[in-house]
Structure formats: C-alpha cells, structure tokens
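Numbering (this note's numbering), first residue to last: 78 to 450. Take a look at the structure set out below.
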C-alpha cells in the first residue's frame, strides 16, 4: 500500500477526545532517586558507523539523562541499554526519573546544569516544555538531545547546531498497524457481518505527536486501501499506562461488548490493559472456541510479544529500544566533543531526516506470532 510518511510538524489535537485518566502532574514534588554510574573502561564505545574514534570517546564526559517515568516498559528498555552504552564509552552519568511531573523534570535539569554536566539527554514529560528546556541548555552552553517524545516545535530544534531529536517517523507506526489490520481482518472478526470494522483507539496522550500519528494512520492507512471503519467511542487517553487502559476498556465493554471488533493501542502497555479487560469477560483467552477481537499495539515489549505468542493479541509494531539508546549516546558524545549535529550524525553513519534538519529517525518493523520463528 502507498504510505505517505511525511512528518506532520504541528497538528492541533481535538479537545473532545475522551480521557480515561489524568496525565502527568505538573505539581512540584521531590525528585525521586536517580541511577548513576561510572565506567573503568578505557576504550571508546564501538563505532558501528565507522566514524572518528576521538569523537566517539566518552572518557571524562559527564552526561545527565532525564526520563519521563521509570515505570514505562519501553522507556525502561531504552534506559537499560543507554546506561550500558554510557558505561562502555567511559562516561560518567546520572539518570533521573521525573515520575511524570514536568515540574520535577525542570528541577532535575537545573540540578544537572548546576553540577556542570557536559550534555543532556531528555525524554520530556510534556513535549510543550521542549522549548524551555532547549533555551535553558543553550544559555548554559550545553548540548541537548531529545528522544522518543517529539518536541512540539521542530523548527526551534532545526535552528540549534547542537540539538537534535532522536525518534521514529511516527506515521510509520500507524501505517504498520493498518497493515496488520489488513493482514488479519476477515469474516471471522466481522462479528455483525456488515463489512465495516467497528473499532476504538487507546491513545497515549493528548499532546504527543507520536500518539496523534499512530492514532490517525492506523485507520487512514487501511481506509486508503478501501476498508471501512466505524469508531464506537472517541479516543481514550490513557497516558501510555496499562492500568488506566484496563479500567477504560472495562467501562467500554459494559456498553460495547457486542459491537467492538478492533482495538488499536498506541503502545503495548495499554494493549496489555485492554487484553486483561477482555480476558476478564472470557475474550482473547488464547483458547480455541473463545470469542476474540483484534488487538494491536506498538513497541514489541517482552510482555506484548508474550501476549501475541499466547494468542491473546494479534500483532504489534516493534520500536528498537537498543538502537534508540545507542544512537543517543553516540551522538551525545560527539556533540560534547565539539561536533555540530550534522557532523555528529554523519560521523556516526546516519542522516538527518529529510526536510526538517532536526531529527534522526529509527525505523519500525511489524511483529506477529510468526516473527518469533
């Protein structure tokens, strides 16, 4: 199918989306414990891009890492790999958990800068805070990388020579979910036989560009190929969280148990909650003869892949946490060693995303039960 993968830089969210739980708090709270580490390694990190060994040497650099929340499964994968690569590169580092509070993350940033860190790697709590974080780092003369949560204004990222966003081409995940839907959709899942897929979407947040694109293109991608859909409820905003998704899906099933045929989830954690709610009423158990609806996620977490192997959900879109982590570390080291973002990206063997001069994009891939074979 034809996939238009153009990056949508600024899209206003529809305020009528149905919320199923509160987002991250902006209340000021004490900073949670951090993880930190140093390395005795004297060799630079492996430079698979074939770039400069000196530029890739993190010896003596001190990196501050700001994480939205340690409780998110995918982010935990990235964080684990990131600390591994920081160790291997010889960096000193500290990783801070904002616990979904932008106010806490702002305090953590100030604390890092007061300690004289050489660079900041940041997964923002609220993408709308990216401009303030960037301005603070620029004033301090410290390079900053944003990852996973795309800043809401990419033009300001493009203008800064030592700032880049490391993420994905977010419409691609939606299109891949559409591909998964088209692979699985059949008369077996068309419960009322009307040829139209009755669906609901579990969206990560109201301000995330990734969440918006995943939610939009999972349906539009299949509509472009002639499939028809009926949305049963407005998107549920569940903050990427399994518990919130389970609660919302339980309430949804109280009204639409006999109607729903497809559930699209922006991540595997929310898909886990959806499956748990379905299991509670005897759906998607993986047992032959039990009723089943289509459930799709994003991330290919271990838990998500286990649900697929158990026959409880049909597919997910894999987001490579290892590559995400390594790319951030390798680019940050090069920025700290004096390269511009264009030089750092080229030295590592990558390219700036076409058209925005602001991002490096890591490709997705589909994951189904057959992927494990």
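In this text, a Cβ means the ideal position worked out from N, Cα and C, and glycines have one as well.
- Scanning 335, 204, 195 for the CA closest to the CA of residue 183 turns up 204.
- Counting other Cβ atoms within 10 Å of its Cβ, residue 389 reaches 16 or more and is therefore classed as buried.
- Here the alpha carbon of residue 266 sits roughly 26 Å from the alpha carbon of residue 320.
- A buried status is given to residue 164, since no fewer than 16 other beta-carbon atoms sit within 10 Å of its beta-carbon.
- Taking the Cβ atoms as the reference, residue 295 lies roughly 18 Å from residue 350, outside the contact range of under 8 Å.
- Residue 207 has its alpha-carbon roughly 6 Å from the corresponding atom of residue 228.
- The region 192-252 is shown to contain whole beta strand (DSSP E) runs of 3 or more residues at 196-199, 221-224, 240-244, in chain order.
- In this structure, DSSP gives residue 429 a state outside helix and strand, which the three-state scheme calls coil.
- Around the CB of residue 358, fewer than 16 other CB atoms lie within 10 Å, so the residue is classed as exposed.
- Bounds of the alpha helix (DSSP H) holding residue 352 are 345-357.
- For residue 436, there is no enclosing alpha helix (DSSP H); the residue is found in the beta strand (DSSP E) stretching over 436-438.
- Judged by their CB atoms, residue 417 and residue 238 are nearer to each other than the 8 Å cut-off.
- The beta carbons of residue 435 and residue 234 sit closer together than 8 Å.
- By the CB criterion at 8 Å, residue 372 and residue 361 fall inside the cutoff.
- The region 282-290 and the region 320-330 do not touch, with fewer than 3 CB-CB distances between them shorter than 8 Å.
- In this structure, the CA atom of residue 216 is about 20 Å from the CA atom of residue 410.
- Beta-bridge pairing by DSSP links residue 141 to 171, 197.
- Inclusion of residue 273 and residue 305 in the CB contact set at 8 Å is warranted, their separation being smaller than that value.
- When beta bridges are read from the DSSP output, residue 442 appears opposite 395.
- Linking residue 149 to residue 160 through their CA atoms gives a straight-line distance of about 16 Å.
- For residue 260, DSSP records no beta bridge to any residue.
- Here residue 364 carries a coil assignment [DSSP, helix/strand/coil].
- For the 8 Å CB-CB criterion, residue 421 and residue 381 do not form a contact.
- Comparing alpha carbon positions, the residue from 386, 438, 339, 408 closest to residue 397 is 438.
- Going by DSSP, residue 374 is part of the beta strand (DSSP E) stretching over 371-376.
- If you ignore the 5 residues before and after residue 190, its C-beta comes within less than 6 Å of the C-beta of 217, all in its own chain and listed in chain order.
- Around the beta carbon of residue 376, a 10 Å sphere encloses 16 or more other beta carbons of the protein chains shown; the residue is thus reported as buried.
- Looking at the DSSP output, residue 274 sits in a beta bridge with 306.
- With contacts defined by Cβ atoms closer than 8 Å, residue 151 and residue 378 form a contacting pair.
- Partner residues in the beta bridge of residue 342, as assigned by DSSP, are 279.
- In the three-state reduction of the DSSP assignment, residue 268 falls in the coil class.
- Contact between residue 244 and residue 224 is confirmed by a C-beta separation of about 6 Å, below the 8 Å threshold.
- With contacts defined by Cβ atoms closer than 8 Å, residue 339 and residue 310 do not form a contacting pair.
- At a Cβ-Cβ threshold of 8 Å, residue 221 and residue 240 count as neighbours.
- Here the alpha carbon of residue 433 sits roughly 15 Å from the alpha carbon of residue 427.
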